[in-house]
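Residue numbers (our numbering), protein chains in the order written: chain R, 307 to 432; chain P, 12 to 261.
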């Protein structure tokens, strides 16, 4: 299966990549602030597992780049898989944004259902 | 190391040593078709096995076949009775596989050798390669440095094509537990070389140095050197890297 046409699994991979990005920011912050005995093990424990074969995430990385660049240069000869791919990564980004909010005090991204900021502990008003 | 020119049109001689004995492999000039077959024979896969990522990159079968396809003569081996090994039926198949792989590995020895920051001269990008090419008459392998390739800047469309081809994969055995096959993109790189090359230094054809004769460069430059130079061009920072989701979250 050429991954660029497996839209169903690409949607899953796109969602995972956005969640990974948030998890990685949090891991980086922890590594910066706290002394961690085994950095590699800590990263492995904190990062969400990927559920699909490697190739899907490589294509999602490309689609994210393409989506950003398309806003700048408006490519006129996108293939069907590229056009559909831009659509699905933008939808995944919008879904991710809808599920998360920025802390009003420090700006950190948090789950929408969280009672307080994971970074500065500011309680969120209900 | 050599400050002489690399002769693109000469047959290549590779000398390998094993247990203090030298074996000489003499190859005909490699063609674009030879390199294409080699690239297509390389195995590059990743898969998750018992929760662990397993990466396989295996060029050995392709190297062995590259050697057997392009080899013309060998020295250092003898057949029973002291005759030349070349007198044997299918003599190439009778050579040690490890030797053939080592000899072919030398054929593939070319890489970017940037001395420092990539220089940009009047709207051109300059890439420098180093390569082991052929042995001299004493059997010493000569390494060439300062092999310069100058390119126009890639366009955004070319960058997009490069990123697209670099990211294309095939998954076999299921989307979750399947194996990802990473096809090489050497042909795309060779095509970009032809689209962007402006001039070279360090190479010769016949008795003449190759400089800015673009059509001649496209026709005569060794394909593996084209691929190495184009790969260095696209890895040089002149391009925008494929973003990760962390950077794209905004």
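All C-beta atoms, glycine included, are put in the ideal place defined by N, C-alpha and C.
| Query | Result |
| --- | --- |
| Below-8 Å beta-carbon distance, residue 51 of chain P vs any chain R residue | no |
| Contact with chain P by residue 357 of chain R, beta-carbon distance below 8 Å | yes |
| Run of the alpha helix (DSSP H) containing residue 109 of chain P, from where it starts to where it stops | 108-118 |
| Whether residue 117 of chain P touches residue 236 of chain P by CB criterion (8 Å) | no |
| Where the alpha helix (DSSP H) through residue 360 of chain R begins and ends | 360-379 |
| Short Cβ contact (8 Å threshold) for residue 21 of chain P with residue 145 of chain P | yes |
| Distance between residue 358 of chain R and residue 318 of chain R (C-alpha atoms, nearest Å) | 8 Å |
| Simplified DSSP assignment, three categories, for residue 157 of chain P | strand |
| Alpha-carbon to alpha-carbon, residue 142 of chain P and residue 165 of chain P | 24 Å |
| C-beta neighbour in chain R for residue 213 of chain P, strict 8 Å | no |
| Cut-off 6 Å between Cβ atoms - residues of its own chain near residue 50 of chain P, not counting five sequence neighbours on either side | 195 and 197 |
| With 16 other Cβ atoms within 10 Å as the buried cut-off, status of residue 256 of chain P | Note on residue 256 of chain P: pLDDT 34, under 50, position unreliable in the model; the coordinate value appears next. It is buried - the Cβ of residue 256 of chain P has at least 16 other Cβ atoms within 10 Å. |
| Residue 421 of chain R burial status per 10 Å Cβ neighbour count (16 or more: buried) | exposed |
| Neighbour flag for residue 396 of chain R against chain P, beta carbons, 8 Å | no |
| CB-CB length for residue 425 of chain R against residue 310 of chain R, believed under 8 Å | Contact doesn't hold; Cβ gap of about 37 Å is too wide. |
| Neighbourhood of residue 81 of chain P by C-beta, 7 Å cutoff - its chain only, sequence neighbours within 5 removed | 38, 39, 41 and 45 |
| Cβ contact check for the stretch 195-215 of chain P and the stretch 144-160 of chain P: 3 or more pairs under 8 Å | yes |
| Selected residue, minimal CA-CA separation from residue 398 of chain R, among R:326, R:414 and R:352 | R:326 |
| Proximal residues of chain R, C-beta to C-beta of residue 151 of chain P below 7 Å | Per Cβ cutoff of 7 Å: no residues; residue 151 of chain P is ~42 Å from chain R at best. |
| Contact set between residue 182 of chain P and chain R, taken where Cβ atoms lie within less than 9 Å | 307, 308, 309, 312, 315, 358, 359, 360, 361 and 362 |
| Buried/exposed call for residue 322 of chain R, threshold 16 Cβ in 10 Å | buried |
| Cutoff 7 Å; reference residue 102 of chain P; Cβ partners in own chain excluding five residues on either side | 96 |
| Cα-Cα separation between residue 252 of chain P and residue 99 of chain P, rounded to whole angstroms | With a pLDDT of only 44 at residue 252 of chain P, under 50, the local geometry of the prediction cannot be trusted, and no value is derived from it. |
| Below-8 Å beta-carbon distance, residue 381 of chain R vs any chain P residue | yes |
| Rounded C-alpha distance that separates residue 17 of chain P from residue 396 of chain R | 50 Å |
| Exposed unless 16 or more other CB atoms sit within 10 angstroms - verdict on residue 391 of chain R | buried |
| Proximity test, Cβ basis, 8 Å: residue 372 of chain R and chain P | yes |
| Three CB pairs or more closer than 8 Å across the stretch 336-349 of chain R and the stretch 403-413 of chain R | no |
| Where residue 69 of chain P sits in the DSSP three-state scheme | strand |
| Cβ contact check for the stretch 25-35 of chain P and the stretch 220-236 of chain P: 3 or more pairs under 8 Å | no |
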